[in-house]
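Same order as they appear, the protein sequences are chains A and B.
According to my numbering, the first sequence holds residues 11 to 127 in order.
According to my numbering, the second sequence holds residues 1264 to 1376 in order.
All C-beta atoms in this analysis are idealised placements derived from N, C-alpha and C, irrespective of residue type, glycine included.
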Amino acid sequence: AQKITQTQPGMFVQEKEAVTLDCTYDTSDPSYGLFWYKQPSSGEMIFLIYQGSYDQQNATEGRYSLNFQKARKSANLVISASQLGDSAMYFCAMREGRVQAGTALIFGKGTTLSVSS
Amino acid sequence: DSGVTQTPKHLITATGQRVTLRCSPRSGDLSVYWYQQSLDQGLQFLIQYYNGEERAKGNILERFSAQQFPDLHSELNLSSLELGDSALYFCASSVEAVAYEQYFGPGTRLTVT
């Protein structure tokens, strides 16, 4: 079974609109972390936002927020006021286990976001 | 710029050959991770080193090996290359205390012909 599922291969949004990218995860570990990364066409992986399993509030970083619904095991990324520069591939990822040096990330297949003017 | 450097940026080689990819982590980061991104497999964790020692192993082939040196830079060695090894290889690093955040390098694009 997949640990991270991103069901939207592609999403389209107009500038200044908000968009939600879906991510569901599967783990039996009570301690885990969820991440979103952006990969533009240039190829680099850019860290966007992190949510720990014990965090009480949803994480926010500027225009990015993470809609964390623990019971549903979902960690959707919300981008407010989309910009043309947001066009990229977005990956959801999970780290299982307690925070410690050296824990690998498990990535979803990604969602391609296209922002039009 | 994440502070993680990888060289070379692009590499084109023939089947059966051996290549070495190099990664320098962010200043102060002790942990280095290698990931492979291919069209069919997506992003997969290969191997991780912490302060010179192997810490975790993922889907790394026996033809691949890695090491982390005393100055904390890391090298990923790929041998007996096959067409299917063509991929983007990322290095990421993290500090010990804040390991939840991994910073990725720009990647090395390997093309095997």
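{"Check": "Pair within 8 Å by beta-carbon distance, SER1356(B) and ARG1289(B)", "Outcome": "yes"}
{"Check": "Contact set between the stretch 1274-1293 of chain B and chain A, restricted to residues whose Cβ is under 9 Å from the partner", "Outcome": "LEU1293"}
{"Check": "Whole-angstrom C-beta distance between SER1265(B) and GLN1368(B), which should lie under 8 Å", "Outcome": "According to the sequence displayed, residue 1368(B) carries Gly and not Gln. At roughly 7 Å, the Cβ-Cβ gap stays under 8 Å, so GLY1368(B) and SER1265(B) are in contact."}
{"Check": "Beta-carbon proximity check, PRO50(A) vs ALA98(A), cutoff 8 Å", "Outcome": "yes"}
{"Check": "Status (buried if at least 16 other CB within 10 Å, exposed otherwise) for PHE1332(B)", "Outcome": "exposed"}
{"Check": "C-beta contact flag for SER75(A) and THR34(A) at 8 Å", "Outcome": "no"}
{"Check": "Where ALA81(A) meets chain B, residues with beta-carbon distance less than 7 Å", "Outcome": "By Cβ distance, chain B contributes nothing, its closest Cβ being about 22 Å from ALA81(A), past 7 Å."}
{"Check": "Length-filtered (3 minimum) beta strand (DSSP E) runs lying within the stretch 22-61 of chain A", "Outcome": "29-31 and 42-49"}
{"Check": "CB contact below 8 Å: PRO1369(B) versus chain A", "Outcome": "yes"}
{"Check": "Minimum Cβ-Cβ distance from VAL1375(B) to chain A less than 8 Å", "Outcome": "no"}
{"Check": "Local Cβ density within 10 Å of LYS48(A), reported as buried at 16 or more and exposed below that", "Outcome": "buried"}
{"Check": "Closer than 8 Å to chain B by CB, GLY112(A)", "Outcome": "Confidence is the limiting factor: at GLY112(A) the pLDDT is only 49, short of 50, which leaves the residue's position unreliable, though a coordinate-based value still follows. Taking Cβ atoms only, chain B reaches closer than 8 Å to GLY112(A), which makes this a yes."}
{"Check": "CB contact below 8 Å: LYS13(A) versus chain B", "Outcome": "no"}
{"Check": "Cβ shell of ALA103(A) (< 8 Å), same chain only, five flanking positions each side left out", "Outcome": "ILE14, LEU44, PHE45, TRP46, TYR47, LEU115, ILE116, PHE117 and GLY118"}
{"Check": "Sequence-distant residues of its chain with Cβ nearer than 6 Å to ILE59(A) (five each side left out)", "Outcome": "TRP46, ALA69, GLU71, TYR74 and LEU76"}
{"Check": "Residues that DSSP places opposite PHE1327(B) in a beta bridge", "Outcome": "LEU1341(B)"}
{"Check": "CB-CB length for GLU1345(B) against THR1278(B), believed under 8 Å", "Outcome": "6 Å"}
{"Check": "Cβ-heavy atom distance, VAL1282(B) to the ligand FAD, below 7 Å", "Outcome": "Only the bare structure without any ligand can be found here, which leaves the ligand FAD out of the picture."}
{"Check": "Where MET21(A) meets chain B, residues with beta-carbon distance less than 7 Å", "Outcome": "Chain B residues near MET21(A): none, gap ~18 Å exceeds 7 Å."}
{"Check": "GLY95(A) - DSSP class collapsed to helix/strand/coil", "Outcome": "helix"}
{"Check": "Opening and closing residue of the beta strand (DSSP E) in which GLY1305(B) lies", "Outcome": "1305-1313"}
{"Check": "Proximal residues to HIS1336(B) (C-beta, below 6 Å), its chain only, five neighbours per side dropped", "Outcome": "SER1287"}
{"Check": "Which listed residue (PHE57(A), ILE89(A) and LYS80(A)) has its alpha carbon closest to that of THR1366(B)", "Outcome": "Reading off the sequence, residue 1366(B) comes out as Tyr, not Thr. Closest option to TYR1366(B), Cα to Cα, is PHE57(A)."}
{"Check": "Outcome for TYR64(A) when other beta-carbon atoms lying within 10 angstroms are tallied against a minimum of 16", "Outcome": "exposed"}
{"Check": "Sub-8 Å separation of GLN1330(B) and ALA1319(B) beta-carbons", "Outcome": "no"}
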